[in-house]
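A.B. asks: Sharing a structure here in structure tokens format.
Residue numbers (the working numbering): 30 to 150.
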């Protein structure tokens with residue numbers, strides 16, 4: 030049953046990513062893919078928050094699996110971020126590629142750290 034719920038949550042996460050990325054893309058006037066960055070940073074924060082909650086409160090393991098592996102696994106997108114970084118490199122937009130990929134890494138780590146701290150509360 031957990032596997033089925035995790036799969037369903039993954040589909041919902043992927044749909045949420047699509048909606049948010051599309052919404053951001055419609056309003057993004059910059060030449061860098063902000064939607065993917067926003068998705069990945071919010072995913073890091075939410076997974077950190079969930080991890081802090083699961084570690085500090087016994088009995089949330091199955092919910093953590095469904096939400097973390099399922100929803101947030103479907104929501105976050107490392108592969109798209111990597112391809113966007115490569116696309117920027119291929120266009121010889123080195124500074125933008127570095128800012129996009131490096132910025133996502135730094136902001137993602139900070140968001141995860143904040144999430145774990147708040148979740149463990």
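For glycine and all other residues, C-beta sits at the position ideal for the given N, C-alpha and C. Computed from a predicted model, the values in this text were never measured in an experiment.
#1: For residue 109 and residue 88, I'd like the C-alpha separation in whole angstroms.
#2: Just to confirm, is the Cβ distance from residue 82 to residue 137 under 9 angstroms?
#3: Tell me the DSSP secondary structure of residue 69 in three-state form.
#4: Secondary structure at residue 61, three-state DSSP: helix, strand or coil?
#5: Determine the DSSP secondary structure at residue 30, reduced to helix, strand or coil.
#6: Given 8 angstroms as the limit, is there contact between the segment 39-48 and the segment 96-112, that is, 3 or more CB pairs closer than that?
#7: So, at 6 angstroms on beta carbons, what are the nonlocal neighbours of residue 66 in its own chain, with the 5 sequence-adjacent residues on each side left out?
#8: Between the C-alpha atoms of residue 99 and residue 64, what's the straight-line distance to the nearest angstrom?
#9: When DSSP labels each residue in this structure, what does residue 106 get in the three-state scheme?
#10: By the 10 Å Cβ neighbour count, where 16 or more other Cβ atoms means buried, how is residue 71 classified, buried or exposed?
#11: Considering only residues of the segment 77-144, which uninterrupted alpha helix (DSSP H) runs meet the minimum length of 4 residues and lie entirely inside it, listed in chain order?
#12: Mapping the DSSP letters down to three states, classify residue 148 as helix, strand or coil.
#13: State the Cα-Cα distance for the pair residue 96 and residue 126, rounded to the nearest angstrom.
C.D. replies: So, to answer that:
#1: In a straight line, the C-alpha of residue 109 is about 34 angstroms away from that of residue 88.
#2: Contact annotation: residue 82 and residue 137 have beta-carbon atoms that are not nearer than 9 angstroms.
#3: DSSP places residue 69 in helix when its eight states are reduced to three.
#4: Coil, per DSSP.
#5: It is coil, neither helix nor strand.
#6: Segments in contact, yes.
#7: Excluding five sequence positions before and after residue 66, the CB atoms of its chain that fall closer than 6 angstroms to its own CB belong to 133, given in chain order.
#8: So the alpha carbons of these two residues sit roughly 20 angstroms apart.
#9: Residue 106: coil per DSSP, three-state reduction.
#10: Looking at its Cβ environment, which holds 16 or more other Cβ atoms inside 10 Å, residue 71 is buried.
#11: With a minimum length of 4 residues, the continuous alpha helix (DSSP H) runs that stay inside the segment 77-144 are 90-93, 107-119.
#12: Secondary structure at residue 148: helix, using DSSP grouped into helix, strand and coil.
#13: CA-CA distance, residue 96 to residue 126, rounds to 31 angstroms.
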